[in-house]
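To start, the structure under review is shown below, and the notes come after it.
Number of protein chains: 2
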Amino acid sequence: MRIGELAERAGTTTRALRYYEQLGLLPARRAGNGYRAYDEGDLRLLREIRMLQDFGFGLEETRPFVECLRAGHPEGDSCPASLEVYRRKLAELDECIAKLQDVRQQVAGQFERAVRARDELAASEQPPVCELTKE
Amino acid sequence: MRIGELAERAGTTTRALRYYEQLGLLPARRAGNGYRAYDEGDLRLLREIRMLQDFGFGLEETRPFVECLRAGHPEGDSCPASLEVYRRKLAELDECIAKLQDVRQQVAGQFERAVRARDELAASEQPPVCELTKE
DNA sequence: GCTGGCGTTGACGTGTGCGGCAAGGTTTAC
DNA sequence: GTAAACCTTGCCGCACACGTCAACGCCAGC
């Protein structure tokens, strides 16, 4: 299989594949004409990378999974190094979520204060004249 | 006040201030010798920028707040444009938090599945011989 | 044999918020 | 008078995962 076909079957681009090879993440054999040659195993590796990327893993974080598969294990996460990455990622996610929730609270507080200030200003500048102003 | 003093009083760097000026976010008057000259008002603007940055606002998102203050309003969020930025940010935060929580769920699921698979494999390869193996 | 569609490498661009350095001018303290 | 500490502009670098050329080679169909 050549690079274009692999890219299409994995739902990515040739540019990404060349980049992965540059990182040593997904090295390719070469055909006689210099074209990159891939097989079904590479497709499996690539799908693993893509799935982890969708989870927000950086490319370096996918490396243990890829190497685990290349070592012949049935799943990318059959190795301790991969499990460790999972653990780190979960901790990271928890921290990030907590931080965002804290920020959300603070921003919501600022927003509500600002809205109240605006409403009070409007009320003092243009007090309702009488009941008749209500249409 | 010169750039170094302002930076120190706001807890930032001269480099950041020059960058803000480059963006037109915090323009500076100039002294006769070409040095940037700031006043207390600029310190106020800068503090506003820094606070919003701490909330994760991008510099462009702080612009309405800064312009609001420069227009003479008592607070950076006294203007409708600032309130709109708050609203957008809250929506963005909610979306981001929801996404992260979803990802966390999925990663946790993968992790637990992988751990179970590992334990089952270990159990089948090295079954507990008998009660005596427990120390 | 020629066009079109593959492939190759290499290099620069993207966005964000600065850090760091060079090469100079200014001011301040002693 | 001179050294230290400030200021100026300008430009390159970083992280990250590629996108987007450019200039070229290879191969299939007509």
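Sequences listed follow chains E and L, in order.
Note that my numbering has the first sequence beginning at 1, numbered continuously upward.
Note that my numbering has the second sequence beginning at 1001, numbered continuously upward.
We treat Cβ as the ideally placed atom computed from N, Cα and C, and that holds for glycine.
Could you tell me whether any Cβ in chain L is nearer than 8 Å to the Cβ of residue i?
| i | result |
| --- | --- |
| E/Arg88 | no |
| E/Asp77 | yes |
| E/Val103 | yes |
| E/Phe111 | yes |
| E/Ile49 | no |
| E/Phe55 | yes |
| E/Leu69 | no |
| E/Ala123 | no |
Taking all protein chains shown into account, do 16 or more other C-beta atoms lie within 10 angstroms of the C-beta of residue i, making it buried, or fewer, making it exposed?
| i | result |
| --- | --- |
| E/Leu93 | buried |
| E/Lys99 | exposed |
| E/Gly4 | exposed |
| E/Ala182 | Beyond the ends of chain E as shown, which are 1 and 135, falls residue 182 of chain E; an answer cannot be given. |
| E/Gly62 | Correcting the residue identity first, residue 62 of chain E is Thr in this sequence and not Gly. Under this definition E/Thr62 is a buried residue. |
| E/Ala91 | exposed |
| E/Glu60 | exposed |
| L/Leu1121 | exposed |
| E/Gly58 | exposed |
| L/Ala1010 | buried |
| E/Ala7 | buried |
| L/Arg1104 | buried |
| L/Pro1074 | exposed |
| E/Asp39 | exposed |
| L/Tyr1019 | exposed |
| L/Ala1123 | exposed |
| E/Gly76 | buried |
| E/Pro64 | buried |
| L/Asp1119 | exposed |
List, in order along the chain, the chain E residues whose C-beta lies closer than 8 Å to that of residue i?
| i | result |
| --- | --- |
| L/Leu1093 | Leu100, Val103, Arg104, Val107 |
Going by CA-CA distance only, name the one from the options that's closest to residue i.
| i | options | result |
| --- | --- | --- |
| E/Gln110 | L/Ser1082, L/Glu1008, L/Ile1003 | L/Ser1082 |
| L/Arg1036 | L/Arg1047, L/Ile1049, L/Gln1022 | L/Gln1022 |
| E/Val66 | E/Leu6, E/Gly11, E/Ser78 | E/Ser78 |
| E/Thr14 | E/Gln53, E/Leu46, E/Gly32 | E/Leu46 |
| L/Thr1012 | L/Arg1030, L/Gly1032, L/Ile1049, L/Gly1024 | L/Ile1049 |
| E/Leu17 | E/Gln106, E/Asp42, E/Gly32, E/Arg70 | E/Asp42 |
| E/Asp54 | L/Val1107, L/Ile1097, L/Asp1119 | L/Val1107 |
| E/Leu25 | E/Cys68, E/Gly32, E/Met1, E/Gly34 | E/Cys68 |
| E/Gly72 | E/Glu84, E/Gly56, E/Arg44 | E/Arg44 |
| L/Val1085 | E/Arg70, E/Val115, E/Leu52, E/Arg30 | E/Val115 |
| E/Ala117 | L/Ile1097, L/Arg1087, L/Pro1080, L/Glu1112 | L/Pro1080 |
With a threshold of 8 Å between beta-carbons, can residue i be considered close to chain E, or not?
| i | result |
| --- | --- |
| L/Ala1010 | no |
| L/Arg1118 | yes |
| L/Cys1130 | Unreliable placement is indicated for L/Cys1130, whose pLDDT of 48 sits below 50; the coordinate value is still reported in the next sentence. No - not a single Cβ of chain E is within 8 Å of the one on L/Cys1130. |
Residues of chain L with CB under 8 Å from residue i, in chain order?
| i | result |
| --- | --- |
| E/Ala114 | Glu1075, Asp1077, Ser1078, Ser1082, Leu1083, Tyr1086 |
| E/Ile97 | Ile1097, Leu1100, Gln1101, Arg1104 |
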